[in-house]
Amino acid sequence: MALLTPTQMDALSELGNIGASHAATTLSQMLMGQIEMTVPLVEVVDLADIYKHVTDETSALVIFQMQGELEQGGYVIFIMPLSSAMRMTNTMLGMGDEERELNEMDESALNEVGNIMVSAFLDATAELLGVVMLPSPPVLVVDMAHAAIEQLLAEVAFDVNEVVFFHTKLTCDQYAINGDLVMLPEMNTLSRILELMDDLLKKHAC
Numbered sequence: 016m017a018l019l020t021p022t023q024m025d026a027l028s029e030l031g032n033i034g035a036s037h038a039a040t041t042l043s044q045m046l047m048g049q050i051e052m053t054v055p056l057v058e059v060v061d062l063a064d065i066y067k068h069v070t071d072e073t074s075a076l077v078i079f080q081m082q083g084e085l086e087q088g089g090y091v092i093f094i095m096p097l098s099s100a101m102r103m104t105n106t107m108l109g110m111g112d113e114e115r116e117l118n119e120m121d122e123s124a125l126n127e128v129g130n131i132m133v134s135a136f137l138d139a140t141a142e143l144l145g146v147v148m149l150p151s152p153p154v155l156v157v158d159m160a161h162a163a164i165e166q167l168l169a170e171v172a173f174d175v176n177e178v179v180f181f182h183t184k185l186t187c188d189q190y191a192i193n194g195d196l197v198m199l200p201e202m203n204t205l206s207r208i209l210e211l212m213d214d215l216l217k218k219h220a221c
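Each residue of the sequence shown is one higher than the one before, starting from 16 at the first, in this note's numbering.
Structure below.
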């Protein structure tokens, strides 16, 4: 695992909070209510240790492939425990029953939230680092989070060594909704992002 310097971790945190700010603004406009979002913790973990950081509880995972200037960028996944996902879609759809089954309207709403979240974080990458990355169309999976990620990694044709967790906390009205935005960058993509961060930090130091 590549060890990140404290300044690189600070830069990742800055990227996370820029992304959270963008996402909160877009969600507030869509829901016509005040949304607050923070990224209190960013972690970079070895792929072999991902099971320590991803729950086995049933979750909604909105999966995107990173596209754009960096070829084979990797994947970004927005993960919410099913209870948080139901609170989110209830808020969006004006419903109150958290015990019901997910339906097509819920799935569409979750895809839209995932798209907003991931687009905001990739926009933050462009804003902070000057590299354009775009999300593919979303794929929604409802499964145990660890099992779903393992299945995804078994199917990809590129190497992923590190996983970046942006732990997000979202508050809307009376609800607190927890989730993780998980970046699984291809090895060369992570190296390039860190190079761009180092260049940015050098410019700010001058």
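We put the beta carbon where it would ideally sit given N, CA and C, even for glycine. Since the model is a prediction, treat every value here as computed from it, not as a measurement.
According to DSSP, what are the bridge partners of residue 74? 96 and 158
How about the stretch 51-70 and the stretch 25-41: do they share at least three Cβ pairs that are nearer than 8 Å? yes
Residue span of the beta strand (DSSP E) that contains residue 150, given as start and end: 148-150
By DSSP's criteria, residue 90 is part of a beta bridge. Which residues make up the other side? 80 and 199
Run the proximity test for residue 186: is its beta-carbon closer than 6 Å to any non-hydrogen atom belonging to the ligand HEM? The ligand HEM is absent from the structure shown, which contains no ligand whatsoever.
Residues near residue 16 by beta carbon distance below 7 Å, same chain, minus five either side: Bear in mind that a pLDDT of 46 at residue 16, under 50, signals an unreliable position, so the number given afterwards is only what the model happens to contain. Around residue 16: 61, 176 and 177.
Terminal residues of the beta strand (DSSP E) in which residue 59 lies: 50-61
Hey, could you find the ends of the beta strand (DSSP E) residue 117 is sitting in? Run containing residue 117: none; DSSP gives neither H nor E here.
State the beta-bridge partners of residue 191 as determined by DSSP. 186
Give the range of the alpha helix (DSSP H) segment to which residue 21 is assigned. 21-46
Same chain, Cβ closer than 6 Å to residue 122, neighbours up to 5 away in sequence not counted: 155
From residue 214 to residue 147, what distance separates their C-alpha atoms? 16 Å
Would you decide whether residue 115 is buried or exposed? Buried here means 16 or more other CB atoms lie within 10 Å of its CB. exposed
Could you tell me the distance, in whole angstroms, from the CA atom of residue 200 to the CA atom of residue 27? 13 Å
Does the stretch 134-143 come within contact of the stretch 152-168, defined as at least 3 CB pairs closer than 8 Å? no
Among 95, 157, 150 and 149, which one has its Cα closest to the Cα of residue 119? 157
Consult DSSP for residue 133 and reduce its assignment to one of helix, strand or coil. helix
Give the DSSP-derived three-state secondary structure of residue 128 in the structure shown. helix
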